[in-house]
Amino acid sequence: PVFELLQSALLGIECDHSFFCCLVFALRHETFVITLDPQGARFAAFRAANPHLPCHVAKAVRGADVSRAERLASGLVNAQALDAGAVSDGEIGCAASHRALWRESARHGLPFLILEDDVFTHPGLLQAIAQIEHSAICPA
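If you want our numbering, it's the position in the sequence shown, counting the first as 1, plus 485.
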């Protein structure tokens, strides 16, 4: 009962299933925001626009710092696309940043919500995600 009250207060969701089911549901995800500069104006604007969103900062990969050999060896891009200039440094950095977090998510066995520092989220985002997860984990 105490856990269900806490869960309801935090997420606004009723849980009439087992304690274990609700515990797994409530502790299930981490939110990360990718940014090149955690001290910069862009990230500050993100925090101001998303005060409802607790999150961890993930330092972005600067695409310009990823060599051609690393781009190809990592599978971020193939030689044809690279030679054609079809992928920008920013796109390489974005892909590498997201992939690093996907790998961490897999390593820890936890779903991550991964955002970039220019996103504006709805105040009910985490509650909506929690409701979807709850439905998947604790089907009626």
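Virtual Cβ for every residue (Gly too), placed ideally from N, Cα, C.
* Asked: From residue 510 to residue 614, what distance separates their C-alpha atoms?
  -> Bear in mind that the predicted position of residue 510 carries a pLDDT of just 42, short of 50, making it unreliable; the figure below should be weighed with that in mind. Computed Cα separation, rounded: 10 angstroms.
* Of all the options 548, 583, 585, which has the alpha carbon lying nearest to the alpha carbon of residue 567? -> Restricting attention to 548, 583, 585, the CA atom closest to the CA of residue 567 is found in 548.
* To do: May I have the straight-line CA-CA distance separating residue 581 from residue 537, to the nearest angstrom?
  => Each residue's Cα considered, the two are about 27 angstroms apart.
* Asked: For the 8 angstroms Cβ check, are there 3 or more pairs between the segment 585-593 and the segment 547-563?
  -> Segments in contact, no.
* Excluding five sequence neighbours on each side, which residues of the same chain lie with their C-beta closer than 8 angstroms to the C-beta of residue 514? -> Non-local beta-carbon contacts of residue 514 in its own chain, meaning distances under 8 angstroms to residues more than five positions away in sequence, involve 595, 596, 597, 598, 614, 618 in chain order.
* To the nearest angstrom, how far is it from the Cα of residue 540 to the Cα of residue 518? -> One C-alpha to the other measures close to 7 angstroms.
* Terminal residues of the continuous beta strand (DSSP E) containing residue 543? -> In the DSSP annotation of this structure, the continuous segment of the beta strand (DSSP E) that includes residue 543 starts and ends at 541-544.
* Using the rule of at least 16 other Cβ atoms within 10 Å of the residue's Cβ for burial, across every protein chain shown, is residue 578 buried or exposed? -> With 16 or more other Cβ atoms within 10 Å, it is buried.
* Cβ-based neighbour list, residue 589, same chain, cut-off 8 angstroms, excluding 5 preceding and 5 following -> Listed in chain order, the non-local C-beta contacts of residue 589 below 8 angstroms within the same chain comprise 597, local neighbours out to five positions each way being set aside.
* When we look at the beta-carbon of residue 604 and count the other beta-carbons within 10 Å, is it buried (16 or more) or exposed? -> With fewer than 16 other Cβ atoms within 10 Å, it is exposed.
* Delimiting residues of the beta strand (DSSP E) encompassing residue 517 -> Residues 515-520.
* **Alpha-carbon to alpha-carbon, residue 552 and residue 620** => When rounded, the separation of the alpha-carbon atoms in residue 620 and residue 552 is 44 angstroms.
* Asked: How big is the Cα-Cα spacing for residue 535 and residue 606?
  -> Straight-line Cα distance between these residues: approximately 6 angstroms.
* So which of 571, 611, 569, 600 has the shortest CA-CA distance to residue 584? -> With distances taken between Cα atoms, residue 584 lies closest to 600.
* Asked: Secondary structure at residue 528, three-state DSSP: helix, strand or coil?
  -> Here residue 528 sits in helix by DSSP.
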